[in-house]
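**Q** Protein chains in written order, with my numbering: chain A, 1 to 115; chain B, 1001 to 1281.
We put the beta carbon where it would ideally sit given N, CA and C, even for glycine.
Just passing along the structure, written as structure tokens.
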């Protein structure tokens, strides 16, 4: 399968992140890993491009980030931020899913030449 | 050595971003954690350290693109306040500037354990010195007028009284602004920015400082009006100078403080590293 890179995903990254966080809280690297696993390795995102999307979602109030606790902290090295979906994020995800369905129905029909 | 390489890479992304210290510190730590995860994953797959580092940096993405995207997530007001003045590396990297930055920030911001009232009093003292410095030229003019016109002793007394009263009023206003500022800041942080403590401190303080300066400017306009007894040919210029000059000076100080804190960032990182190393040992 051909890799899907950052440019192809532009505009959909936030939706993907929300969908991943719906299944449970995660830090940046974990989100990336889950995206890769669930796409069968096709979603090959650069890790650095994930954080701006996380900050945008946090600014919108769709997700909330908390620094990992002392007990989870690594013996050495920087702390991670664990992100979780907020109630607003759940609503936003539902709306994005609806928009996605409409998009694929309309655009898919045209692209695939369906009547 | 590897940790230093990872940190340097993250620093090249974060350092040029125009944002406050708290936000940049968060970016730094989080990006470094992500990059470290990538590196450790490569090591776990059996790569050597050099190869793992190369692959981790490649997997992290283009620093310029990440920086642009990260910058776009910073609110406009913060971007404007912290846009900073560009500065040659040999100046920014100098220890003397970092020490000066720390000293200025320490003098201006609320220190650890310092009460709100003490902080307000300290700021008021600073503003008092500034206002006194502004009063010197006006008092000079008054004295000069006294010697030119011998019958104007009463005018000198009135002008001096007005100037003294205005000075006290300005200091009280400053003290009040500082106290109100703390109250507003705490309320806003708790309500809207609770999870980003310290994020808006300087911005809000900058706004209150500007208001205080505007009030001071108007008070000084009143002084000038009394001291010069409606000398209309000077009044417009004096009014403009009285309002504009302190405002410009204070704006420059606020910008300078923001920039000084940027210079002090390396120092803060080194301090944290030292603390972490000591904790590990």
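1. Quick one, are the C-beta atoms of residue 14 of chain A and residue 53 of chain A less than 8 Å apart?
2. Would you tell me roughly how many angstroms separate the C-alpha atoms of residue 1068 of chain B and residue 1076 of chain B, rounded to the nearest one?
3. Please classify residue 24 of chain A: does DSSP put it in a helix, a strand, or coil?
4. Taking 8 Å as the limit between beta carbons, can you name the residues of its chain near residue 1010 of chain B, skipping five residues before and five after?
5. Considering only residues of the same chain and omitting the five flanking positions on each side of residue 34 of chain A, which have a CB-CB separation below 8 Å?
6. In chain order, what residues of the same chain have a beta carbon less than 6 Å from the beta carbon of residue 92 of chain A, not counting five sequence neighbours either side?
7. Note down, in chain order, every chain A residue with its Cβ under 7 Å from the Cβ of residue 1284 of chain B.
8. Taking all protein chains shown into account, do 16 or more other C-beta atoms lie within 10 angstroms of the C-beta of residue 60 of chain A, making it buried, or fewer, making it exposed?
9. May I ask which residues mark the beginning and end of the beta strand (DSSP E) holding residue 93 of chain A?
10. Which residue wins for smallest C-alpha separation from residue 1062 of chain B, given the options B:1018, B:1012, B:1023?
11. Can you give me the Cβ contacts of residue 1195 of chain B inside the same chain, cut-off strictly under 6 Å, excluding the 5 residues immediately before and after it?
12. Evaluate residue 112 of chain A with the Cβ neighbour count: other Cβ atoms within 10 Å of its Cβ, from every protein chain shown; 16 or more gives buried, anything less gives exposed.
13. Starting from the beta carbon of residue 81 of chain A, find every residue of chain B whose beta carbon is closer than 9 Å, and list them in chain order.
14. Under the DSSP definition of a beta bridge, which residues are partnered with residue 83 of chain A?
15. For residue 1073 of chain B, which residues in chain A fall below 8 Å Cβ to Cβ?
16. Which term fits residue 65 of chain A, buried or exposed, when burial requires 16 or more other beta carbons within 10 angstroms of its beta carbon?
17. Of the residues A:103, A:57, A:97, which one's Cα is nearest the Cα of residue 85 of chain A?
18. Would you say residue 1060 of chain B reaches chain A, if we count a Cβ-Cβ gap shorter than 8 Å as a contact?
19. Using CA atoms only, rank isn't needed, just tell me which of B:1129, B:1037, B:1023, B:1065 is closest to residue 1053 of chain B.
20. Checking contacts by CB at 8 Å: is residue 1066 of chain B closer than that to chain A?
21. May I ask which residues mark the beginning and end of the alpha helix (DSSP H) holding residue 114 of chain A?
22. Shortest alpha-carbon distance to residue 1056 of chain B belongs to which of B:1039, B:1050, B:1046?
23. Residues of chain A with CB under 9 Å from residue 1078 of chain B, in chain order?
24. Rounded to the nearest angstrom, how far is the Cβ of residue 1073 of chain B from that of residue 55 of chain A, given a contact under 8 Å?
25. Are any of the Cβ atoms in chain B nearer than 8 Å to that of residue 46 of chain A?
26. Which of helix, strand or coil does DSSP assign to residue 45 of chain A?
27. Using beta-carbon positions only, say whether residue 46 of chain A and residue 1060 of chain B come within less than 8 Å of one another.
28. Drop a sphere of 10 angstroms on the beta-carbon of residue 78 of chain A, count the other beta-carbons inside from all chains shown, and report buried for 16 or more, exposed for fewer.
29. Does any CB atom of chain B fall closer than 8 Å to the CB of residue 49 of chain A?
30. Residues of chain B with CB closer than 7 Å to the CB of residue 78 of chain A, please, in chain order.
31. What are the boundary residues of the alpha helix (DSSP H) that includes residue 1009 of chain B?
32. When you compare only the Cα positions, how much space is there between residue 1023 of chain B and residue 109 of chain A?
**A** According to the data block:
1. In this structure, residue 53 of chain A lies closer than 8 Å to residue 14 of chain A by Cβ.
2. 14 Å
3. coil
4. Within the same chain, Cβ atoms closer than 8 Å to the Cβ of residue 1010 of chain B are found at 1028, 1031, 1032, 1035, the five residues on either side in sequence being excluded.
5. Here the set comprises 20, 23, 26.
6. 62.
7. Missing from the structure shown is residue 1284 of chain B; chain B here goes from 1001 to 1281 and no further.
8. exposed
9. That residue, residue 93 of chain A, is in no beta strand (DSSP E); its alpha helix (DSSP H) goes 87-111.
10. B:1012
11. Unreliable placement is indicated for residue 1195 of chain B, whose pLDDT of 38 sits below 50; no coordinate value is reported for it.
12. exposed
13. Against residue 81 of chain A, the close residues of chain B are 1026, 1029, 1030, 1033, in the order they occur along the chain (beta-carbon pairs closer than 9 Å).
14. According to DSSP, which records beta bridges pairwise, residue 83 of chain A is partnered with A:26, A:65.
15. In chain order: 52, 55, 56, 59.
16. Residue 65 of chain A should be labelled buried.
17. It is A:57 whose Cα lies nearest to the Cα of residue 85 of chain A.
18. yes
19. B:1037
20. yes
21. Per DSSP, residue 114 of chain A lies in no alpha helix (DSSP H) segment and is marked neither H nor E.
22. B:1039
23. Near residue 1078 of chain B there are no residues of chain A at all, since even the closest Cβ is about 12 Å away, more than 9 Å.
24. 4 Å
25. yes
26. coil
27. Contact: yes.
28. buried
29. Taking a beta-carbon distance threshold of 8 Å, residue 49 of chain A counts as an interface residue toward chain B.
30. 1029, 1032, 1033, 1036
31. Counting along the chain, the alpha helix (DSSP H) containing residue 1009 of chain B begins and ends at 1002-1014.
32. 45 Å
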